[in-house]
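Numbering (UniProt numbering), first residue to last: 1 to 320.
Only one structure is covered here, and it is reproduced in the block below.
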């Protein structure tokens, strides 16, 4: 097992290097820079060129890339031209919120998906199964940003059950019980909105696994030996059907990255997704490249976790 894990970790190195090059080059190809379109038009163009030269923006891309990588190796992601602070510090302020949002979304996803998938698979072709399947079809067809706006309008503005923006009520002191309750209250609606959409694929997968497992020979043999229906489901069907769901954990992390970009902007939640779009609109490419690189690394790590979990579930897939 450790050989498989080490091999996959080594494969990650060229993947991350290639990813960093692609991200940096694409950022360089984007029109304009942090001085374009958002500077007082009365500023002398020669002064703007001096600033570009000072920041090294006129250097060839490979020179800028080498400087950028050198900073990365020292933990320096550069300076944000718009936020006037270190990118490392800026990301540190936002990544905590995104972490808790992702964690809450994963929790809601599995709390919803596993019971629905088990019920739908066990009682397939019944009205209950058709109702759950109908929910998954609607979920597949509904764009996340549309669903998020509906949830915000209904539960935030119409009913007023949850806050409509921010991550905590202003003025509360960090570490107090009121601060904790406010953080949770701001977290529930965006996390639940994303979970209700992302959960549909897990429901369908678990349903299909249970239906397929019910038809296998060892299940028919267990029933022929007189095993009770509850024992057949709990000891054989569910055990074999739930294990592959664990391998989805890493891919869930990857899917959350795209989801948080929409959800955080819809709910005004100050996380990495909101920072990403803000930086693009302000042409703050230092922040854009850093955030995109972190998203890419998270996707690679998510795929690694899925491979490791799946290799534990089914040792036959391990690379010899």
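Backbone N, C-alpha and C fix where the C-beta goes; we use that ideal spot for every residue, glycine too.
Asked, Found
"What are the start and end residues of the alpha helix (DSSP H) that includes residue 216?", "Segment: none, residue 216 is in no alpha helix (DSSP H) and carries neither H nor E."
"Can you give me the C-alpha to C-alpha distance between residue 289 and residue 256, rounded to a whole angstrom?", "19 Å"
"Looking only at DSSP bridge pairs, what is residue 85 linked to?", "80"
"Buried or exposed: where does residue 102 fall if 16 or more other Cβ atoms within 10 Å of its Cβ makes it buried?", "buried"
"Going by alpha carbons, who is nearest to residue 139 out of 28, 96, 199, 207?", "199"
"Within its chain, find whatever has a CB closer than 8 Å to the CB of residue 183; leave out the 5 residues flanking it on each side and keep chain order.", "100, 167, 168"
"Which residue marks the beginning of the alpha helix (DSSP H) containing residue 135, and which one marks its end?", "127-141"
"Would you mind stating whether residue 87 and residue 286 have Cβ atoms separated by less than 8 Å?", "yes"
"Note down, in chain order, each residue of its chain lying with its Cβ closer than 7 Å to the Cβ of residue 320, except the 5 sequence neighbours on either side.", "Residue placement at residue 320 is flagged as unreliable, the pLDDT there being 48, under the threshold of 50; the coordinate-derived value follows with that caveat. Nothing listed; no residue qualifies."
"To which residues of the same chain is residue 124 closer than 6 Å at the C-beta, ignoring the five residues directly before and after it?", "211"
"Thinking C-beta only, is residue 109 closer than 8 Å to residue 202?", "yes"
"On a CA-only basis, which of 112, 293, 309 is nearest residue 18? Give me that one, please.", "293"
"Once the 5 residues before and after residue 265 are set aside, which same chain residues still bring their CB inside 8 Å of it?", "273, 274, 277"
"Roughly how many angstroms lie between the CA atoms of residue 267 and residue 75, to the nearest whole one?", "31 Å"
"Excluding five sequence neighbours on each side, which residues of the same chain lie with their C-beta closer than 7 Å to the C-beta of residue 191?", "101, 104, 105, 108"
"Cα separation between residue 11 and residue 27?", "25 Å"
"Can the beta-carbon of residue 262 be found closer than 8 Å to that of residue 145?", "yes"
"How many angstroms separate the CA atom of residue 230 from the CA atom of residue 309?", "28 Å"
"Along the alpha helix (DSSP H) that carries residue 67, what are the first and last residues, could you check?", "61-73"
"Return the residue from the list 14, 188, 206, 176 that minimises the CA-CA distance to residue 97.", "188"
"Would you call the CB atoms of residue 90 and residue 80 closer than 8 Å?", "yes"
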